[in-house]
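Residue 20 in the UniProt record's numbering sits at position 20 of the sequence shown; the count goes up by one each step and never skips. Each residue gets a CB set at the ideal place from its N, CA and C atoms; glycine is no exception. Keep in mind it's a predicted model, so treat the numbers as computed, not measured.
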Amino acid sequence: MIPYSCRYPDCQKRFSQSSNLTAHLKNHQNPDYAASESEEVIDELEEEIGKDDVDQ
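Listed below in structure tokens is the structure:
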């Protein structure tokens, strides 16, 4: 059972942890948040594996 569900209209997302729902709700409240979070994750991955590997 997945106890935490998004209550935004037309959103069917459900989460097993409340912290994941909280992070998801930030996407609804501020769409730019999702973009900035994605860019941050990409930057971290590029550092981990080396940017040259990502560009190939």
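With the cut-off set at 8 Å, would you say residue i and residue j are in Cβ contact?
i: Tyr8; j: Phe15; result: no
In the structure shown, what three-state DSSP assignment does residue i receive?
i: Asp55; result: For Asp55, the pLDDT reaches just 47, beneath the cut-off of 50, and the residue's location in the model is therefore unreliable, leaving the point undetermined.
i: Ser16; result: coil
i: Ile2; result: coil
i: Asn30; result: coil
Our contact map puts residue i next to residue j with C-beta atoms below 8 Å; I'd like the distance itself, whole angstroms only.
i: Leu21; j: Cys11; result: Not quite, the Cβ-Cβ distance comes to about 11 Å (not below 8 Å), so this is no contact.
Can you check DSSP and say which residues form a bridge with residue i?
i: Tyr8; result: None, per the DSSP bridge assignment.
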